Every structure is written in C-alpha cells, then in structure tokens.
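Novice: In full-length UniProt numbering, the protein residues as written are 1 to 173.
The beta-carbon is built from N, C-alpha and C at its ideal position, and this holds for glycine as well.
Remember, predicted model here, so these are calculated numbers, not experimental data.
This is the structure, below, for whatever I ask next.
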C-alpha cells in the first residue's frame with residue numbers, strides 16, 4: 001500500500017488491462033454458455049409441449065371416433081334378431097309380429113342400459129321442458145293442461161332431453 005496513493009481503496013493489481021480483459025471474456029463466455037443452455041432447454045420444453053398437444057388432439061379424436069363403440073356393440077344382437085326374424089317369418093304374420101315385439105324389447109333394453117328413457121306423458125300435467133303441444137282440445141273428465149294424447153314419445157338421455165314428446169293437451173272447460 002502506497003501512502004501517497006490518492007485512492008487507497010482501489011486494488012491496482014486488478015486494474016491490469018490484460019487480466020481484466022481475460023476475466024471479462026471468461027465471464028462473457030460463462031454467460032453465453034448459460035444462455036445457450038437456457039435456449040436449448042426452452043426449445044426442448046416447447047417441443048415437449050407441442051408433442052403433448054398433438055397427443056391430446058389425437059386422443060380426443062380417437063375418443064370421438066369410438067365413443068359409440070359400446071352402444072353399437074350392444075345393438076349387434078338386435079340386428080341379428082331382426083335378420084333371423086325376417087329369415088324365419090316366411091308368410092306367417094303372427095311369427096313376424098312376435099319377432100318384432102321381442103326385438104323391440106331387446107332394443108329398448110339396450111337403450112335403457114345406455115341411459116335412454118321414454119317420455120310417454122298421457123294423463124300427466126303438461127311440461128314445456130319435456131313436451132311440445134301440438135294442439136289443445138276440450139276433454140271432459142281430464143284436468144286442464146294435462147296431456148290427453150301422445151302423437152310421438154319423447155326421449156331423455158341420462159336425464160337430458162333428447163327429443164320432446166309431441167302431445168295434445170286438455171284445455172280449460
């Protein structure tokens with residue numbers, strides 16, 4: 001330490017320009033190396049995210065494509081029954097009718113097993129959420145705003161309306 005030095009706090013040895021340049025270059029190289037590593041990590045993560053997005057899109061597409069697989073598999077015996085009934089019926093209308101009734105029961109069971117419920121509201125109060133009124137008629141002995149006749153059954157799928165019932169409603173007397 002020099003007593004005549006106006007800046008005693010400054011380290012004069014560190015002010016060697018070659019040493020300072022070397023230290024600065026090694027720091028720059030360390031920062032470049034870290035920046036390159038971060039860039040590579042960022043690109044790798046971006047690629048992983050893109051691959052994951054593509055996998056999710058592919059999985060969703062497959063789920064849509066095969067969503068009805070179980071239902072359609074359950075319907076195959078119904079198709080078999082219809083084909084067998086038509087092959088065996090010949091000219092006997094009663095056998096054909098019996099076969100159709102059995103097949104309808106089988107089809108309704110498949111529907112019920114998959115959450116399908118019929119809306120057949122004869123005698124019930126009119127419900128605009130499940131019924132579509134086709135007309136109103138005077139109906140002695142039936143309470144006003146109750147369903148008198150069903151033109152076409154409605155259907156619920158897992159408690160959500162699939163198709164409203166087409167009905168005739170009793171009007172006020």
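(1) Assign residue 150 to one of three DSSP states: helix, strand, or coil.
(2) Could you tell me the boundaries of the alpha helix (DSSP H) in which residue 171 lies?
(3) Suppose the cutoff is 7 Å on Cβ atoms and the five residues either side in sequence are ignored; what does the same chain contact list for residue 164 look like?
(4) For residue 114, which residues from the same chain have a beta carbon less than 6 Å from its beta carbon, with the 5 sequence-adjacent residues on both sides left out?
(5) Would a C-beta distance cut-off of 7 Å place residue 148 and residue 139 closer than the cut-off?
(6) Can you tell me the Cβ-Cβ gap for residue 78 and residue 52, rounded? I've got them flagged as a contact below 8 Å.
(7) Going straight from the alpha carbon of residue 160 to that of residue 68, what length do you get?
Specialist: Here's the rundown:
(1) strand
(2) For residue 171, no alpha helix (DSSP H) run applies, since DSSP gives it neither H nor E.
(3) Hits under 7 Å: 130, 131, 132 and 154.
(4) Here the set comprises 71.
(5) yes
(6) Not confirmed; about 41 Å, so no contact.
(7) About 18 Å.
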